[in-house]
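As structure tokens, the structure follows; a few thoughts come after it.
Number of protein chains: 2
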Amino acid sequence: MPVRRQARGERRIGDILDATLALFAELGYDRTSTNAIAARAGMSPGSLYQYFPNKEAIAEALSQRLLDQLRAAHAAAFDQASAASLPLPELVSRVVDPLVAFNVANPGAKTLFGTAAMPAALSAGSRPLHDAVTGRVAALIRARFPGLPDPDVNRAAMVAVQIVAALMGPIVAAEGRERAALVAELKRALVGYLAGSGGSDPAA
Amino acid sequence: MPVRRQARGERRIGDILDATLALFAELGYDRTSTNAIAARAGMSPGSLYQYFPNKEAIAEALSQRLLDQLRAAHAAAFDQASAASLPLPELVSRVVDPLVAFNVANPGAKTLFGTAAMPAALSAGSRPLHDAVTGRVAALIRARFPGLPDPDVNRAAMVAVQIVAALMGPIVAAEGRERAALVAELKRALVGYLAGSGGSDPAA
DNA sequence: CGAAAATACGAGCGATCGATCGTGTTATCG
DNA sequence: CGATAACACGATCGATCGCTCGTATTTTCG
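As you go down the protein sequences, you meet chains C and P in turn.
Its first residue numbered 1, the first sequence is counted upward by one per residue in UniProt numbering.
Its first residue numbered 1, the second sequence is counted upward by one per residue in UniProt numbering.
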């Protein structure tokens, strides 16, 4: 049942998602209470539930908003043409750098990027984001290694995404030189991994 | 205040840790209730709290038990001699294979291996395990790359451990052929990463 | 044996959680 | 304007959480 939103309502939804992202970054999903979200967003619990039916829906909406932002910030990095022709380190940099910037700007995004075997509730909310990113990476790998069978492509994309996700926490937590060093390590790991990804490398 | 444990008590403690490990594997730390632990261990909540002052202490004890088991299962893999002389893929295999076997045998171990920026409660309980493993990996890397400065050694160890931890979830969740394929990918990723770890590789 | 210590139980405490609801306020529109 | 719908509030609900406590049973040991 759709509701005619007023401008004020749209603003409030944004406030809720902002508060949720901040609290997820500090406490994670389980330890973030809906009352705390409402308080940080400057509203009552009742108002919060005017816009979302339950906690999971908030996580889903936040996941969707992050996905949209990521898509916008990442548009250029995922075109197939450069995927096939660029040197591998350059290609990895083009994908990783915006991703790092995004996560630094949005700490707490990683909470919505839960790895695997999580409680179904959060897993369901974060799967769209996770799947979308993995899918884009798979497309990139497929474009670069045209001979690679689909199962191998998907597995390589999953592994690459897991590696990035695993190191994003420490990267976001670090600062300055140490962060730069960790990003360099992440790129080295990805290049080292992908360089040996079966099939021929068009730009090796 | 130490307590003279009877044989029955030691057995009960083992039951509690077994139940906790199983529940952590299914639900994670937050969603595992102490009452559920007691129920699965076949005792009342009161009995559970006869052996542990609180939930965090249970996680710590479990973490310690896992660490001991891991040490036993891993003794041979971490000697310095082979670290310097073995071919890198062989060395990686010797470390990774027992680790995979251990995690397959103890699903839920990964719950105690929380990455970073987790709620302090769980983080404190799992840090010993995490630090011990990272320290052993660091010693291995230091033995293999004698010229590498300490900060670089520690960073590389941390990155390697994060990569292993990130892929352990999918590996444990998979079975048969797919699991073997994922393990192979993990090894490739580690070898690719470590092969380029500055300094000279004694056995390159 | 008998006393002390360890083990066992489970109803229930206080706190907190996600979510509801009755009531009042503000915006939209004919 | 008046009417309707969207927005806002916060006390409070029922459920669940980590944990306690009074009491009963079993083991240890002199």
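Just so you know, even glycine gets a beta-carbon here, dropped at the ideal spot from N, CA and C.
Being a predicted model, the structure only gives us computed values, none of them experimental.
So, does the CB of Y193(P) fall closer than 8 Å to a CB anywhere in chain C?
-> Stepping through the second sequence from its first residue, residue 193(P) is reached at position 193. Judged by the 8 Å Cβ criterion, Y193(P) is in contact with chain C.
Whole-angstrom distance between P87(P) and E26(C), CA atom to CA atom | Numbered from 1 along the first sequence, position 26 holds the residue referred to as residue 26(C). Numbered from 1 along the second sequence, position 87 holds the residue referred to as residue 87(P). If you take the alpha carbons of E26(C) and P87(P), they lie about 43 Å apart.
Are there 16 or more other CB atoms within 10 angstroms of the CB of Q50(C), so buried, or fewer, so exposed?
-> Residue numbering aside, residue 50(C) sits at position 50 when the first sequence is read from its first letter. Classification for Q50(C): exposed.
Does DSSP put G14(P) in a helix, a strand or coil?
-> Position 14 of the second sequence holds residue 14(P). Three-state result, G14(P): helix.
Starting from the C-beta of S47(C), find all residues in its chain whose C-beta is less than 8 Å away, skip the five residues before and the five after it, and write them out in chain order.
-> As a first step, residue 47(C) must be located in the first sequence, where it is residue number 47. Excluding positions up to five away in sequence, the list reads R12, A38.
CA nearest to the CA of P151(P), picked from R94(P), I163(P), G135(P) = Sequence index remark: in the second sequence, residue 151(P) carries index 151 (1-based). Closest option to P151(P), Cα to Cα, is G135(P).
Nearest-angstrom Cα distance between L186(C) and A166(C)?
-> By one-based count along the first sequence, residue 186(C) stands at place 186. By one-based count along the first sequence, residue 166(C) stands at place 166. Spanning the two alpha carbons is a distance of roughly 10 Å.
Where P146(C) and A157(C) are concerned, what is the direct C-alpha to C-alpha distance, given to the nearest angstrom?
-> Along the first sequence, read from residue 1 onward, the residue named residue 146(C) stands at position 146. Along the first sequence, read from residue 1 onward, the residue named residue 157(C) stands at position 157. If I take the Cα positions, the gap works out to 14 Å.
For A165(P), return the contacting residues in chain C, with the cut-off set at a CB-CB distance below 8 Å.
-> Taking the first residue of the second sequence as 1, we reach residue 165(P) at position 165. In chain order: A166.
Give the single residue among A73(P), R155(P), G169(P), V172(P) whose Cα lies nearest to the Cα of P170(C).
-> Taking the first sequence and counting its residues from 1, the one referred to as residue 170(C) is at position 170. Checked all of A73(P), R155(P), G169(P), V172(P); the closest Cα to P170(C) is R155(P).
Within the 8 Å Cβ cut-off, does L182(P) reach chain C?
-> Sequence index remark: in the second sequence, residue 182(P) carries index 182 (1-based). It does; some Cβ of chain C falls within 8 Å.
Along the alpha helix (DSSP H) that carries F102(P), what are the first and last residues, could you check?
-> Start at 1 with the first residue of the second sequence, and residue 102(P) comes out as number 102. 88-105 is the span of the alpha helix (DSSP H), which, as asked, contains F102(P).
Assuming A143(P) contacts Y193(P) (C-beta within less than 8 Å), just tell me the rounded distance between them.
-> Translated into the one-based positions of the second sequence, residue 143(P) becomes position 143. Translated into the one-based positions of the second sequence, residue 193(P) becomes position 193. Not quite, the Cβ-Cβ distance comes to about 17 Å (not below 8 Å), so this is no contact.
Can you tell which of K55(C), A109(C), G176(C) has its C-alpha closest to the C-alpha of L129(C)?
-> Along the first sequence, read from residue 1 onward, the residue named residue 129(C) stands at position 129. Of the candidates K55(C), A109(C), G176(C), the one whose C-alpha sits nearest the C-alpha of L129(C) is A109(C).
Y29(C) (DSSP reduced to helix, strand or coil) | Here residue 29(C) is taken as the residue at index 29 of the first sequence, counted from 1. If DSSP states are grouped into helix, strand and coil, Y29(C) belongs with coil.
Close-in-space but distant-in-sequence residues of the same chain around T20(P) (CB under 6 Å, 5 per side omitted) = Taking the first residue of the second sequence as position 1, residue 20(P) is located at position 20. Correct list, in chain order: I37, I58, L62.
Backbone secondary structure at residue 206(P) - three-state DSSP | Beyond the ends of chain P as shown, which are 1 and 204, falls residue 206(P); an answer cannot be given.
Whole-number beta carbon distance between P45(P) and T32(P), since they are thought to touch under 8 Å = In the second sequence, counting from the first residue as 1, residue 32(P) sits at position 32. In the second sequence, counting from the first residue as 1, residue 45(P) sits at position 45. At roughly 14 Å, the Cβ-Cβ gap does not stay under 8 Å, so T32(P) and P45(P) are not in contact.
Could you tell me which chain P residues have their CB closer than 7 Å to the CB of D150(C), listed as they occur along the chain?
-> Stepping through the first sequence from its first residue, residue 150(C) is reached at position 150. In chain order: nothing, as chain P lies at least about 13 Å away.
So, is S197(C) buried or exposed, given that buried needs 16 or more other C-beta atoms within 10 angstroms?
-> To locate residue 197(C), count along the first sequence from 1; it is residue 197. Counting Cβ neighbours within 10 Å, S197(C) comes out buried, since at least 16 surround it.
Which residue's Cα is closest to the Cα of residue 206(C): A7(C), A195(C), I16(C), V153(C)?
-> Any question about residue 206(C) goes unanswered here, given that chain C covers just 1 to 204.
For residue 211(C), return the contacting residues in chain P, with the cut-off set at a CB-CB distance below 7 Å.
-> In the structure as shown, chain C starts at 1 and stops at 204, and residue 211(C) therefore has no counterpart that could be examined.
Backbone CA spacing between A101(P) and G9(C) [nearest angstrom] = In the second sequence, residue 101(P) corresponds to position 101, counting from 1. In the first sequence, residue 9(C) corresponds to position 9, counting from 1. Going from the Cα of A101(P) to the Cα of G9(C) covers about 53 Å.
Under the three-state DSSP convention, the category P128(C) falls into | The sequence position of residue 128(C) within the first sequence is 128, counting from 1. Three-state result, P128(C): helix.
Would you tell me roughly how many angstroms separate the C-alpha atoms of A84(P) and A139(P), rounded to the nearest one?
-> Here residue 84(P) corresponds to residue number 84 of the second sequence, with the count starting at 1. Here residue 139(P) corresponds to residue number 139 of the second sequence, with the count starting at 1. Rounded to whole angstroms, A84(P) to A139(P) spans 11 Å at the Cα level.
Pull up the CB-CB distance for I163(C) and L190(C), whole angstroms please, since I reckon it's below 8 Å.
-> Residue 163(C) sits at position 163 when you count from the first residue of the first sequence. Residue 190(C) sits at position 190 when you count from the first residue of the first sequence. Confirmed, about 6 Å.
Taking only beta-carbon atoms, is P170(P) less than 8 Å away from chain C?
-> One-based indexing of the second sequence puts residue 170(P) at position 170. True, the Cβ-Cβ gap to chain C drops below 8 Å.
Where D152(P) falls: helix, strand or coil (DSSP) | Within the second sequence, the letter at position 152 stands for residue 152(P). Helix.
What are the residues of the UniProt domain "HTH tetR-type" (10-70) of chain P that lie near chain C, defined by any Cβ-Cβ distance shorter than 9 Å?
-> A25, E26, L27, G28, Y29, D30, R31
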